[in-house]
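A short worksheet on the structure shown next.
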Amino acid sequence: MQRERNAYQLMEFQSSSPKQTQEIAQTLGRLLRAGDCIAAEGQLGAGKTCFAQGLAKGLAIDAVVSSPSFVLAKTYPGTPGFLHVDAYRLGSPMEFWDLGLTEQMDESVTLIEWAGNVMDALPDDCLGLAIERVSDQERVLRFSGSAGRWQSVLDSLRAALAQLACPESDS
Ligand SMILES: Nc1ncnc2c1ncn2[C@@H]1O[C@H](COP(=O)(O)OP(=O)(O)O)[C@@H](O)[C@H]1O
Ligand SMILES: [Mg+2]
């Protein structure tokens, strides 16, 4: 499901509630910068939009983030901004190119739902996110990507989440 080149399974997280998924996403959002792209996959109801909402919070975006299914792409201004794309109805990488989002992607953190539909049009250095629905409330979030920067971002994410769970322990 993930792109072949450059993609390593880097880290996985368990979530047992929407709140926990958003907490992971929000914490990740604080570690991202303009030009970063997250290629999200997972069946309907897996939690991609839930994750996007947390991510936007971490980017200090106040607006309510809703599924961009009908508009395909939605931009939320900020520094960086947040670009939320739903590729569910896109049939090919070409259709993604036709949206003309390159400039916005440079200035924003981008999250693309159903990224598998348009993977060949996405930057090589995307962070892959596959969300698996295990039960009603349980999800596994699997991150993949090139090992360099993303490994260190995910190490920081894991450390920050451990700190949130156990604030009194030494960092
Ligand atoms: N651990 C969890 N993480 C994320 N969503 C969860 C979790 N447990 C239950 N849910 C529910 O699953 C649904 C996920 O919906 P949504 O984020 O719109 O999925 P997607 O965008 O992948 O189709 C929501 O109704 C949410 O409340
Ligand atoms: Mg969605």
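Just so we're aligned, residue 11 is where the sequence shown starts under the working numbering, counting upward by one.
The C-beta atom is built at its ideal place from N, Cα and C for all residues, glycine as well.
By DSSP's assignment, LEU100 forms no beta bridge with any residue.
Distance from the Cα of ASP130 is smallest, within the candidate group VAL144, MET104, MET115 and GLY110, for MET104. Judged by the Cβ position, ASP96 qualifies as a neighbour of ligand 2 at the 7 Å threshold, a heavy atom of the ligand being closer than this.
Near ligand 2, meaning a Cβ closer than 6 Å to any of its heavy atoms, lie the following residues in chain order: LYS58, THR59, SER77 and GLU123.
Pairing ILE122 with ALA83, the inter-Cα distance amounts to about 9 Å. Following the DSSP letters along the chain, one finds ALA66 inside the alpha helix (DSSP H) bounded by residues 58-68. Rounded to whole angstroms, the gap between the alpha carbons of THR31 and GLY91 is 21 Å. Judged by beta-carbon spacing, GLY155 lies beyond the 8 Å limit of LEU167, meaning their Cβ atoms are not closer than that value. Using a Cβ distance threshold of 8 Å, VAL74 and HIS94 do not count as a contacting pair. Counting only the Cα atoms, GLY45 lies some 6 Å from MET115. With respect to GLY39, LYS58 sits apart: the two C-beta atoms are not nearer than 8 Å. Between ALA97 and ALA125, the CB-CB gap stays under 8 Å. Residue nearest to GLN19 within the set ASN127, LEU164, THR120 and PRO177 is LEU164 (criterion: CA-CA distance). The nearest non-hydrogen atom of ligand 1 is 7 Å or more from the C-beta of ASP130. GLU142 carries a strand assignment under DSSP once its states are collapsed to helix, strand and coil. Here SER25 is buried. Its C-beta has 16 or more other C-beta atoms within 10 Å.
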